[in-house]
Amino acid sequence: MIRELIARREGENHGLHQQYLNPFLVRVLSIIGYDVVYVRGEGPWLYDKEGNRYLDFLSGYSVFNLGRNHPKVKAALMEVLELDRPNLVQMDCPLLAGLLAERLVEVTKRAFPGLERVFFTNSGTEAVEGALKFARAATGRPRFLHLEHSFHGLTLGSLSVNGDAYFREGFGELLPATAIPMNDLDTLERELKVGDVACFIVEPIQGKGVYVPDDEFLPGAQELCRRYGALFVLDEVQTGFGRTGRLFCGEHWGLEPDIVTVAKTLSGGYVPVGAIITRPEVHRKVFRNLERAVVHSNTFGMNELAMAAGLAALEVLEKECLVERAAEMGARFMAGLKGLQAKYEMVADVRGKGLMLGIEFGPPSSLKLKAAWKGVEGVKRGLFAQLIVMGLMREHRLLTQVSAHGVNIVKFLPPLVVGEEEIDYALSALDAVLAEAHRFPGGIWGLAKDLVKGALGARA
Ligand SMILES: Cc1ncc(COP(=O)(O)O)c(C=O)c1O
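Taking our numbering, I'd label the letters of the sequence shown as residues 1 to 460.
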């Protein structure tokens, strides 16, 4: 039925979304040349109807660390379907959930000893919502601390700890929360001292902007949290499962969080899944007696497809040594990016760890380029980075993204299965687009017209 339906309606994608989902998103995709109709995905590649292939350095925002449609995860899901399992009985203890929890604790404990209890969710934001509730239950305190530029999801609790006004504005009153500048331990301590903080929640490397903290910051923050009785919550929804060249990003600094949130890649790219992994003493404060056995729950969290996908994804990650591969390929990518930084004046910074990397652009000093830069950046900050993303897509079929709103940072999140060939292809594409960007008139500046028109339209 689905095969026939897809064959009959393929190509109507954008029209349907225009009509029923989000017409403004459809317009944005068309302006930046991302209005492709993809028909297939395999490993790090996407394919359109004409058979063109696209190198996916977006990875569905880090859902596809294993690459797309991994045969082992697919086989696990098909087995579950064939077995007609007793799914979602609810008043029940499903086996696969127990097995995935056992496996998650086993692998998590290698990085973060002491995290021994699991609660399954359906998304990253739901894991964060749960972590915030758990922190309140464990401490009896109301307020949360988070970093400027943070991103933890977009439901109301997660939005309360979001560090970007763009996402928060227009949605009314949120939970009591305070933003701390990255690397500012004095401000963190001042806020913790007030005594009303349930937890400090932090992405070990920030997804929006690929900001990497100084080496002293996170260990110092953890120490301060302990001193003032607040929980230290690490949000590894994006950085977890090998993305940064370690199984968990917090390992880079030897962290020992009280709670870790995960999601995205745990599904192997198929079905929604997430988890809150906590110390037993935190868990005990939430589920503390018979009366409160179901005080926090959900309907779909332990569904058999998600659990099977999680078990298979963890096995693939280990068997294919993808964490080590991310470290190795990340080092190659980073070396190439550093080379581009030395070569091009508008590359202001390159940063990140493993295969979570960013390149930041800044204003040029040569006269001709200055005028071009002002022409786009004067309309809206961050449009230059969007031009680079457009150039990479239009001329090289390489998918990337501008890393946050109003910044000139392009982010790269390749699947961890990429090899030297794909990394080198991406670097040469970036080299070519940057060469064009440093030539004016012409080059990718020709794309600016559409973009500026679009940006002006969006403001109107
Ligand atoms: C660090 C982090 N936390 C939470 C979330 C929210 O996850 P979801 O989109 O699955 O709700 C994201 C999503 O990008 C994320 O990067």
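All C-beta atoms in this analysis are idealised placements derived from N, C-alpha and C, irrespective of residue type, glycine included.
All values reported here derive from a predicted model rather than from experimental measurement.
Own chain, CB closer than 8 Å to residue i, minus 5 neighbours either side, in chain order
| i | result |
| --- | --- |
| lysine 370 | Pro363 and Pro364 |
| tyrosine 47 | Tyr38, Val39, Arg40, Gly41, Arg53 and Tyr54 |
| glycine 419 | Met329 |
| leucine 29 | His14 and Asp35 |
Bounding residues of the alpha helix (DSSP H) (the contiguous stretch that carries residue i)
| i | result |
| --- | --- |
| glutamate 436 | 420-437 |
| threonine 261 | Element bounds for threonine 261: not the alpha helix (DSSP H) but the beta strand (DSSP E), 259-262. |
| isoleucine 2 | 2-9 |
| valine 105 | 95-111 |
| arginine 168 | 165-168 |
| glycine 60 | 59-62 |
Helix, strand or coil at residue i [DSSP, three-state]
| i | result |
| --- | --- |
| histidine 146 | strand |
| phenylalanine 151 | coil |
| alanine 179 | strand |
| leucine 88 | coil |
| valine 347 | strand |
| lysine 74 | helix |
| glycine 220 | helix |
| glutamine 238 | coil |
| lysine 411 | strand |
| leucine 156 | helix |
| isoleucine 201 | strand |
| leucine 174 | coil |
| threonine 139 | helix |
| arginine 243 | coil |
| threonine 187 | helix |
| phenylalanine 24 | helix |
| arginine 288 | coil |
| valine 376 | helix |
| leucine 266 | helix |
| isoleucine 32 | coil |
| histidine 296 | coil |
| glycine 454 | helix |
| cysteine 249 | helix |
| methionine 302 | coil |
| tyrosine 211 | coil |
| leucine 132 | helix |
| phenylalanine 440 | coil |
| arginine 394 | helix |
| glutamate 116 | coil |
| arginine 332 | helix |
| arginine 381 | coil |
| leucine 340 | helix |
| glutamine 19 | helix |
| glutamate 12 | coil |
| glycine 310 | helix |
Nonlocal neighbours in the same chain, by C-beta distance under 6 Å from residue i, ignoring five residues either side
| i | result |
| --- | --- |
| valine 26 | His14, His17 and Gln18 |
| aspartate 349 | Glu360 |
| histidine 405 | Tyr166 |
| arginine 394 | Gly33 |
| glutamate 191 | Leu145 and Thr178 |
| lysine 74 | none |
| arginine 117 | Thr278, Pro280 and His283 |
| leucine 392 | Leu398, Thr400, Ala429 and Val433 |
| valine 105 | Glu116 |
Chain B within 8 Å of residue i, Cβ atoms only
| i | result |
| --- | --- |
| leucine 224 | No chain B appears in this structure, which consists of one protein chain only. |
Contact set for residue i: own chain, Cβ-Cβ below 7 Å, skip 5 residues either direction
| i | result |
| --- | --- |
| alanine 293 | Phe287 |
| isoleucine 31 | Asp450, Leu451 and Gly454 |
| proline 213 | Met182 and Asn183 |
| glycine 443 | Glu436 and Ala437 |
| glutamate 129 | Thr155, Gly157 and Ser158 |
| leucine 234 | Val202, Pro204, Gly250, Leu255, Pro257 and Val260 |
| arginine 3 | none |
| arginine 85 | Glu304 |
Segment limits, beta strand (DSSP E) that includes residue i
| i | result |
| --- | --- |
| glutamine 41 | Before going further, note that residue 41 is glycine rather than glutamine in the sequence given. It spans 38-42 - the beta strand (DSSP E) in which glycine 41 sits, taken as one unbroken run. |
| cysteine 321 | No beta strand (DSSP E) contains cysteine 321, which DSSP labels as neither H nor E. |
| isoleucine 277 | 274-278 |
Beta-ladder partner(s) of residue i, from DSSP
| i | result |
| --- | --- |
| leucine 46 | Gly41 and Tyr54 |
| methionine 356 | Lys353 |
| glutamine 401 | Lys411 |
| leucine 231 | Cys199 |
| threonine 121 | Gly274 |
| phenylalanine 361 | Val347 |
| arginine 68 | Gly43 |
Residue i: CB within 7 Å of a non-hydrogen atom of ligand 2
| i | result |
| --- | --- |
| leucine 156 | Looking for ligand 2 in the displayed structure turns up nothing; the ligands present are ligand 1. |
Go through the residues and name those whose CB comes closer than 6 Å to any heavy atom of ligand 1, in chain order.
-> Tyr61, Ser123, Gly124, Thr125, Val128, Phe151, His152, Gly153, Glu203, Gly207, Asp235, Val237, Gln238 and Ala263
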